[in-house]
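S.K.: One structure coming up, written as C-alpha cells, with questions to follow.
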Amino acid sequence: MARSALTGTRIRERRTALHVKQADLARSVGISAAYLNLIEHNRRRVGDDLLETLARALGVEPVALSEGAEAVLFDGLREAAVGAEKAGPELERIEEFVGRFPGWAAVLADRQARVGALERVVEAYAERMAQDPFLLDNLHEVLSAVTSLRSTAAILAETEDIEPEWRNRFLRTMAEESLRLSGTAESLVGYLDEMETAETGLAAPLEQLETWLAGRDWHLAELETDAPPAPEALIEGVPELASAAARELALAHVARAAAEARALPLAAFSDALAELGPEPGLLAARFGVPVGMVFRRLATLPPGLPGRVPAGLVACDGSGTLTLRRPVPGFAPPRFGAACPLWPLYEALARPAQPVRAVIDMAGRLPARFLAYAWCTQHPVGGFDGPVLREAMMLLLPAPPGREGNERAVGSSCRICPRAGCPGRREPSILPER
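Taking full-length UniProt numbering, I'd label the letters of the sequence shown as residues 1 to 434.
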C-alpha cells in the first residue's frame with residue numbers, strides 16, 4: 001500500500017478535530033461535498049495542487065496529510081520486519097497498520113529501537129572485551145593470581161610433613177596473592193562501571209577527542225571567522241578532553257581544521273559543492289588543495305549547509321591503525337582492534353597517490369551502501385634517506401541509487417561481522433553468520 005493511501009483518512013480526522021463541516025471545507029477549496037466525501041474515504045486520489053489547498057485550509061503542512069505524523073514510525077517498523085525470521089510481515093500494509101493502530105505501532109517501533117540500542121551495546125562490549133588492553137591485562141592478572149592461589153593451596157593440602165618455615169612462606173604467598181586478586185577485581189569492576197556510565201575518565205585519548213567533536217557535529221564554527229581563536233583557547237575547559245593526551249590530539253586537530261578552513265572558505269566551498277557536487281577530485285582541483293583536505297572538509301561541514309550530504313570518514317597511519325573515526329548512520333568504525341581488511345582504505349594505503357573508488361555494501365542489522373573514496377599521501381621525514389610516513393583516508397558518501405553489480409561486501413571488524421565465507425576474515429564472529 002502506498003503511503004498516500006490513507007491521505008483521505010487524515011483529512012477527515014483533521015477536519016473533525018477542527019470541528020469543520022464537510023460542506024464548508026469543500027466550499028473553501030472549490031470542490032463539491034460529494035467529491036470531498038469520496039476523498040475522505042480514500043476512494044479518490046488527491047492531486048498535489050488540491051492537497052496543498054486542503055492543507056492550507058486545515059492549517060497543516062501537506063506532508064502531514066500525505067504521510068502523516070506517524071511517518072516517523074515507518075523506518076522502525078521496517079527495521080523490525082527485517083529481523084523477523086519466521087513470520088513474514090505484510091510490508092505493503094504497513095501504513096494501514098500505523099494508521100489504524102498508532103499506539104501499537106509506536107510500541108513496536110520503540111521496542112525495536114531499544115533492541116537496536118542493546119545490540120549495539122553488546123557489540124561494543126564484545127569488541128572491547130576482545131581488544132581492550134586494560135581488560136586483557138586485568139583478566140590476565142586475575143588468572144595469574146587464581147593459578148598461584150590454587151597451586152599454593154594444593155601444596156598445603158597435599159603435604160602433611162611440611163616444615164613450619166615453608167608453611168609460613170606459603171601462607172604469606174596466599175595472603176599476598178589474595179590481596180593482588182582483590183585489588184585487580186576491584187579495578188576491573190570499577191572499569192566496567194565506567195564503561196557502563198560512558199564516563200571519559202578511562203576512555204582512550206582518541207575516544208575523548210571524538211566524543212568532543214561528535215557533541216559539536218564535527219564542525220568547529222569558531223574557525224570559520226576572519227579572526228579564529230587560538231587552538232588552546234578553543235579547547236580550554238572542555239570536560240570531554242579529560243587527559244593531557246586527549247588535549248594534545250585536540251590541539252593538532254584544531255590546528256589542522258583551521259588550515260583547512262583558510263584553504264577552503266566555507267562560502268566558496270559551498271558554492272563549488274553546489275556546482276560540482278561532492279566529488280573530491282573535482283573539488284581538490286578547483287581549489288588546488290590535497291585530496292585528503294577535501295575529504296576532511298566534506299566530513300566536517302556544518303549541518304544545514306546547502307549541498308551538504310552525510311559523510312563518514314576514517315583515517316589510518318602506515319601501520320593500518322585508525323587515527324580518526326567519523327561515523328555516519330550505517331557505518332560505525334571499530335573502536336578497538338583492527339578494521340575490515342577489505343575496506344578501500346587499505347587498498348589506497350598500498351597504492352599511495354592513486355585514487356580508489358568503490359561502492360561498498362556494509363554488513364549490519366540493516367545493510368547500508370556507501371560510495372567510498374580512498375586516498376593515501378606520503379610524508380618523507382628525516383632527510384632524503386629518512387623514513388616515509390603514510391596517511392590514508394576513506395570518505396563515505398551516500399551510494400547512488402540502483403545496483404551496479406560490483407558492490408564490495410565489507411564489514412566493521414571480523415569479531416562483529418556476520419558475513420559467511422568472507423575471504424578476509426581473521427577470526428570467528430560472535431554473531432550468527434548469514
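Every residue, glycine too, gets a C-beta built ideally from N, C-alpha and C.
Here the structure is a predicted model, which is why all the values come from computation and not from measurement.
Would the beta-carbon of Phe-331 fall within 8 angstroms of that of Gly-304?
M.R.: no
S.K.: Using 10 angstroms around the beta-carbon of Ala-145, count the other beta-carbons present and answer buried if the total reaches 16, otherwise exposed.
M.R.: buried
S.K.: Are the segment 392-401 and the segment 314-326 in contact at 8 angstroms, needing three or more beta carbon pairs?
M.R.: Output reads yes: the segment 314-326 touches the segment 392-401.
S.K.: Alpha helix (DSSP H) containing Asp-48: first to last residue?
M.R.: 48-58
S.K.: Rank Leu-234, Glu-224 and Val-189 by C-alpha distance to the C-alpha of Leu-209 and give the top, closest one.
M.R.: Leu-234
S.K.: When the Cα atoms are used, what is the spatial distance from Thr-200 to Val-122?
M.R.: Bear in mind that the predicted position of Thr-200 carries a pLDDT of just 40, short of 50, making it too unreliable to give a figure here.
S.K.: Using only CA atoms, which one of Asp-137, Glu-160, Arg-172 and Glu-163 lies nearest to Leu-149?
M.R.: Arg-172
S.K.: Reducing DSSP to helix, strand and coil, say where Glu-210 ends up.
M.R.: helix
S.K.: Could you check what DSSP says for Arg-335 in three-state terms: helix, strand or coil?
M.R.: In this structure, Arg-335 counts as coil in the three-state DSSP scheme.
S.K.: How is Asp-271 classed by DSSP in three states: helix, strand or coil?
M.R.: Reduced to three states, the DSSP call for Asp-271 is helix.
S.K.: Quick one: is His-41 buried, meaning 16 or more other Cβ sit within 10 Å of its Cβ, or exposed?
M.R.: exposed
S.K.: Which value, in whole angstroms, describes the spacing of the CA atoms of Pro-401 and Phe-370?
M.R.: 10 angstroms
S.K.: What's the C-alpha gap between Ala-272 and Leu-38?
M.R.: Going from the Cα of Ala-272 to the Cα of Leu-38 covers about 49 angstroms.
S.K.: From Gly-411 to Ala-363, what distance separates their C-alpha atoms?
M.R.: Computed Cα separation, rounded: 5 angstroms.
S.K.: Which one or two residues does DSSP pair with Arg-369 in a beta bridge?
M.R.: Asp-361
S.K.: Contact defined as beta carbons within less than 8 angstroms: I believe Ser-408 pairs with Asp-361. What is the distance between those atoms, to the nearest angstrom?
M.R.: Sequence inspection shows Arg at residue 408; the Ser mentioned does not correspond to that position. Under the criterion of beta carbons closer than 8 angstroms, Arg-408 and Asp-361 qualify as touching, at roughly 7 angstroms.
S.K.: Would you kindly report the start and end of the unbroken alpha helix (DSSP H) that includes Ala-392?
M.R.: Not the alpha helix (DSSP H): Ala-392 falls in the beta strand (DSSP E), residues 388-398.
S.K.: When the Cα atoms are used, what is the spatial distance from Glu-177 to Leu-322?
M.R.: 38 angstroms
S.K.: Does the Cβ of Ala-250 have 16 or more other Cβ atoms within 10 Å, making it buried, or fewer, making it exposed?
M.R.: buried
S.K.: Let's test the definition: count the other Cβ atoms within 10 Å of the Cβ of Ser-429 and tell me whether it reaches 16, buried, or not, exposed.
M.R.: Answer is buried; the Cβ neighbour count reaches 16.
S.K.: CB Ala-113 to CB Gly-76, shorter than 8 angstroms?
M.R.: Going by C-beta atoms, Ala-113 is nearer than 8 angstroms to Gly-76.
S.K.: What span of residues does the beta strand (DSSP E) with Leu-313 cover, start to end?
M.R.: 312-317
S.K.: Could you check what DSSP says for Arg-326 in three-state terms: helix, strand or coil?
M.R.: strand
S.K.: Specify whether the segment 279-292 and the segment 252-270 touch according to this definition: at least 3 beta carbon pairs, one from each stretch, less than 8 angstroms apart.
M.R.: The segment 279-292, when compared against the segment 252-270, does touch it at the 8 angstroms Cβ threshold.
S.K.: Run the CB neighbour count on Pro-329, radius 10 Å, all protein chains shown included, and call it buried at 16 or more, exposed below.
M.R.: Flag for Pro-329 reads exposed.
S.K.: Confirm, please, whether the CB-CB distance from Leu-65 to Thr-7 is below 8 angstroms.
M.R.: yes
S.K.: Quick check: is the beta carbon of Trp-212 nearer than 8 angstroms to any beta carbon in chain D?
M.R.: In the structure shown, chain D does not exist; there is a single protein chain.
S.K.: Just verifying my parser: in three-state terms, what is the DSSP assignment at Pro-228?
M.R.: coil
S.K.: Cα separation between Pro-387 and Leu-349?
M.R.: 16 angstroms
S.K.: Taking the alpha-carbon positions, what's the Tyr-373 to Val-20 distance?
M.R.: 55 angstroms
S.K.: On the CB-based measure, 16 or more other CB atoms within 10 Å of its CB, does Gly-277 come out buried or exposed?
M.R.: exposed
S.K.: Return yes when the Cβ of Pro-333 is within less than 8 angstroms of the Cβ of Pro-327, no when it is not.
M.R.: yes
S.K.: Please state the DSSP three-state secondary structure of Val-356.
M.R.: Three-state DSSP puts Val-356 in a strand.
S.K.: Buried or exposed: Arg-14, going by 16 or more other Cβ atoms within 10 Å of its Cβ?
M.R.: Result: buried.
S.K.: So, at 6 angstroms on beta carbons, what are the nonlocal neighbours of Val-347 in its own chain, with the 5 sequence-adjacent residues on each side left out?
M.R.: For the record, residue 347 in the displayed sequence is Glu; it is not Val. Around Glu-347: Val-356.
S.K.: Classify Trp-375 as helix, strand or coil using the three-state DSSP reduction.
M.R.: strand
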